[in-house]
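J.: Note that the working numbering has the sequence shown beginning at 451, numbered continuously upward. All C-beta atoms in this analysis are idealised placements derived from N, C-alpha and C, irrespective of residue type, glycine included.
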Amino acid sequence: MLPVKEIQERSDRHPKPSDIKFQYGTAGFRTLGKTLDSVLFRVGKLDGKTIGVMVTASHNPEPDNGVKLVDPRGEMLESSWEAHATALANAPSSVAFVAVVDELVRATKIDLSIPARVVYARDTRPTGPQLVAALKDGLEAIKAEYRDAGVTTTPVLHYLVRTINTKGTKDSYGEDTEEGYLTKISDAFKKLLAGKPPPPPLLIDCANGVGALMAERFKAYLGDIFAINVVNADLHTPGVLNNSCGADFVKVNQKLPPSITLQPGQRACSLDGDADRLMYYYADEHGQFHMLDGDKITTLVASYIVELVKASGLDEQIKVGVIQTAYANGSSTKYLSGRLPVKCVPTGVKHLHHAAEQYDIGVYFEANGHGTALTNLRNIIDVINQTVGDALSDAFLVEAVLAHKSFSGVEWDSMYCDLPNRLVKVVVSDRNAFKTEDAERRLVSPLGLQVKVDELMRKYGGGRSFVRPSGTEDVVRVYAEAATRAEADELAFRVAGLVY
Ligand code: 16G
Ligand code: ZN
Numbered sequence: 451m452l453p454v455k456e457i458q459e460r461s462d463r464h465p466k467p468s469d470i471k472f473q474y475g476t477a478g479f480r481t482l483g484k485t486l487d488s489v490l491f492r493v494g495k496l497d498g499k500t501i502g503v504m505v506t507a508s509h510n511p512e513p514d515n516g517v518k519l520v521d522p523r524g525e526m527l528e529s530s531w532e533a534h535a536t537a538l539a540n541a542p543s544s545v546a547f548v549a550v551v552d553e554l555v556r557a558t559k560i561d562l563s564i565p566a567r568v569v570y571a572r573d574t575r576p577t578g579p580q581l582v583a584a585l586k587d588g589l590e591a592i593k594a595e596y597r598d599a600g601v602t603t604t605p606v607l608h609y610l611v612r613t614i615n616t617k618g619t620k621d622s623y624g625e626d627t628e629e630g631y632l633t634k635i636s637d638a639f640k641k642l643l644a645g646k647p648p649p650p651p652l653l654i655d656c657a658n659g660v661g662a663l664m665a666e667r668f669k670a671y672l673g674d675i676f677a678i679n680v681v682n683a684d685l686h687t688p689g690v691l692n693n694s695c696g697a698d699f700v701k702v703n704q705k706l707p708p709s710i711t712l713q714p715g716q717r718a719c720s721l722d723g724d725a726d727r728l729m730y731y732y733a734d735e736h737g738q739f740h741m742l743d744g745d746k747i748t749t750l751v752a753s754y755i756v757e758l759v760k761a762s763g764l765d766e767q768i769k770v771g772v773i774q775t776a777y778a779n780g781s782s783t784k785y786l787s788g789r790l791p792v793k794c795v796p797t798g799v800k801h802l803h804h805a806a807e808q809y810d811i812g813v814y815f816e817a818n819g820h821g822t823a824l825t826n827l828r829n830i831i832d833v834i835n836q837t838v839g840d841a842l843s844d845a846f847l848v849e850a851v852l853a854h855k856s857f858s859g860v861e862w863d864s865m866y867c868d869l870p871n872r873l874v875k876v877v878v879s880d881r882n883a884f885k886t887e888d889a890e891r892r893l894v895s896p897l898g899l900q901v902k903v904d905e906l907m908r909k910y911g912g913g914r915s916f917v918r919p920s921g922t923e924d925v926v927r928v929y930a931e932a933a934t935r936a937e938a939d940e941l942a943f944r945v946a947g948l949v950y
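1) From the DSSP output, which residues share a beta bridge with Tyr732?
2) With a floor of 4 residues, list each alpha helix (DSSP H) that falls wholly inside the region 802-878, ordered by position along the chain.
3) Should Ile564 be labelled buried (16 or more other beta-carbon atoms within 10 Å of its own) or exposed?
4) Nearest by alpha-carbon distance to Leu712: which of Glu735, Asp724, Thr577 is it?
5) Run through the DSSP bridge pairs and tell me what Met504 is partnered with.
6) Does the beta-carbon of Ala936 have 16 or more other beta-carbons within 10 angstroms, so that it is buried, or is it exposed?
7) Given Gln473, which residues of its chain have a CB within under 6 Å of its CB, disregarding the five upstream and five downstream residues?
8) For Phe916, name the three-state secondary structure that DSSP assigns.
9) Pick helix, strand or coil for Gln774, following the three-state DSSP scheme.
10) Assess, as a yes-or-no matter, whether the region 909-919 is touched by the region 930-945 under the definition of 3 or more beta carbon pairs within less than 8 Å.
11) Using alpha carbons as the reference points, say which of Phe668, Phe639, Pro791, Val680 lies closest to Cys656.
12) Classify Val949 as helix, strand or coil using the three-state DSSP reduction.
13) Is it true that the CB of Ser720 sits closer than 7 Å to the CB of Gly689?
14) Taking the beta strand (DSSP E) that Arg789 belongs to, which residues open and close that run?
15) Suppose only complete runs of 3+ residues qualify. What are the beta strand (DSSP E) ranges in the region 658-705, listed by chain order?
16) I need the boundaries of the alpha helix (DSSP H) containing Arg460, first residue and last residue.
17) Please check the pair Ala817 and Arg727, which I expect to be a contact at CB under 8 Å, by giving their CB distance rounded to whole angstroms.
18) Given that a residue counts as buried once 16 or more other Cβ atoms are within 10 Å of its Cβ, and exposed if not, what is His608?
19) When the Cα of Ala599 is compared with those of Cys867, Thr822, Tyr631, Thr619, which residue comes out closest?
20) Which of the three DSSP states is assigned to Tyr910 in this structure?
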């Protein structure tokens, strides 16, 4: 039996704002932190296994907040659950909410005698504690068992969900603690590096977010094999989170955060606000900034894995593949396609992750730096968080591969030359009017628009552009790349002009 009265009473304490319709976007619910209280109360899923709830808005500004749900394998929520979560979040009243819960229990044959188990965490946003309190209230209403993982990164929460669910089984993934996470990744990193000269010290920009806590803690586990220099680690000054720093700032502006100066030849990287995105860069001998984004990371890691597999004579048995989205730089796709299978899927880790599972070793990084490699090769498997993109473990992998290849940033960067590109946001009255096909590379609606985009593209030799509705913001995004910076800008703005 559902504890109807209890759920209703507690739900009344977290009423849904009547003027808001919540949409489960690419990676969860995301909006201004203060409007989310009711959603948090309502997401606690009813099931025997432990699921994760991460309260974060990732790379978005500090006043925003959101929820990412993590399935029992530690991966992103299965798509079928998104509809349920959306229905729960949008029920207009506590009575309607109970009805939706009841329907959900019936539809999914949930066994109410087994208590729901949830582990949750939050990033450092000021609205976090209030939202976690609403979540806790929701969990108590359905008599769930819960564990508060405190303030930690998204990848740590994914790790905890996976380890809790596999504890004592043959699939055991490690100790279900932050220490377990730190030990697993740093031990594997040390093994990967064995016999190689230690990498140069790495500057890590933590976006003034929770990644700073983990980066600091790694120091004690890495000993003297790898020095990290943590910057933008201010977790107390209001307004600094993701502000003029972090992975998204670097990717979008294609420049160094103003708070960072690099010596010629120096390499560094930026995380986002919940430490699941990674952006690398270096200064050349003239001190000029060069970005090494998710596509460069894919190329480095995938090529290295292909070399390893070939060298061990296993290329017949082990299938290595790369998964990209429409945002992947055309040059990276060209470079990779000549060497291994490359697949394009819609934006969002859940699509990439799913496609990567079809290979023995699947490598995916979105251009924005969100990604991982799924593999069965020991050491690599342990240094990489297998559940989700993890900026810190990805950075260790990059450093290990660079050490093996004796590459500096310059050699890594020269694997291929990025096509100049431009991303533009367009505010439209209804982004849901934009529908795409072919992994978001073509529009099917509004009718006739794609034909016009095609016409424009033909005017730019080697030009490519696409239009897609954002899954996280109320905007439409336009991407364009072309042979020159000026052409890429012009194509992007002309396509954006069609979208208005
Ligand atoms: C979310 C996705 C990220 C994607 C981005 C696109 C996850 C965990 N995160 O942050 O992978 O690149 O959305 O945002 O799936 P957009 O739809 O607004 O362009
Ligand atoms: Zn993130």
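T.: Let me spell this out:
1) Arg717, His740, per the DSSP bridge assignment.
2) Runs found: 830-833, 841-855, 859-863.
3) Flag for Ile564 reads exposed.
4) For the residues Glu735, Asp724, Thr577, the minimum Cα distance to Leu712 belongs to Glu735.
5) Residue pairing by DSSP places Met504 opposite Lys518, Ala571 in a beta bridge.
6) Exposed.
7) The beta carbon of Gln473 sits closer than 6 Å to none of the beta carbons in its chain outside the five residues before and after it.
8) Correct three-state label for Phe916: strand.
9) It is a strand residue.
10) The region 930-945 makes contact with the region 909-919, as at least three CB pairs between them are under 8 Å.
11) Comparing Cα positions, the closest option is Val680.
12) Note: Val949 maps to helix in three-state DSSP.
13) For Gly689 and Ser720, no; Cβs fall outside 7 Å.
14) Per DSSP, Arg789 belongs to no beta strand (DSSP E) and is neither H nor E.
15) Every beta strand (DSSP E) of 3 residues or more that sits fully in the region 658-705 is shown, in chain order, as 678-681.
16) 454-462 is the span of the alpha helix (DSSP H), which, as asked, contains Arg460.
17) The Cβ separation is near 11 Å, so there is no contact.
18) Buried is the label assigned to His608, since at least 16 other Cβ atoms lie within 10 Å of its Cβ.
19) With distances taken between Cα atoms, Ala599 lies closest to Tyr631.
20) Coil.
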